[in-house]
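Its first residue numbered 172, the sequence shown is counted upward by one per residue in the numbering used here. All residues carry an ideal CB built from backbone N, CA and C; glycine is no exception.
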Amino acid sequence: MTVTSRFRFAAFAGAASVAFVLAGAGAAAAAAEDDPTFTRDIAPILQQKCEGCHRVGQMAPMPLVTYEEVRPWARSIKSKVVAREMPPWHIDKTVGI
């Protein structure tokens with residue numbers, strides 16, 4: 172497995188995890204402090220992988236900055252990540268899967 176393949180797999184796994192958490196498909200964590208939160212767990216991934224395009228004034232059709240903006244799109248985010256359509260690595264070879 173090449174470094175590029177490993178990076179793509181890691182990015183995909185991280186993005187898929189985000190999608191599952193947003194869609195509520197994840198199992199409940201054993202302890203409350205282990206429960207993922209939007210601010211601590213999801214937002215940093217979105218900031219790194221999505222907000223370059225998904226923020227007001229950029230090319231994407233909707234911003235994905237706040238929980239309120241992200242939640243309605245959770246199922247769509249999941250399907251796009253699982254289908255490997257997002258994030259679009261063809262735009263920036265250093266971003267995506």
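Check the Cα spacing between Cys221 and each of Val227, Leu235, Arg211: the tightest is with Leu235. Here Pro258 is buried, its C-beta having at least 16 other C-beta atoms within 10 Å. Distances from the CA of Trp260 to each of Gly223, Arg211, Pro207 were compared; the closest alpha carbon is that of Gly223.
In the three-state scheme derived from DSSP, where H, G and I count as helix and E and B as strand, Pro243 is classed as helix.
Taking C-beta separations shorter than 8 Å and ignoring five residues to either side along the sequence, Gly228 has no partners in its chain.
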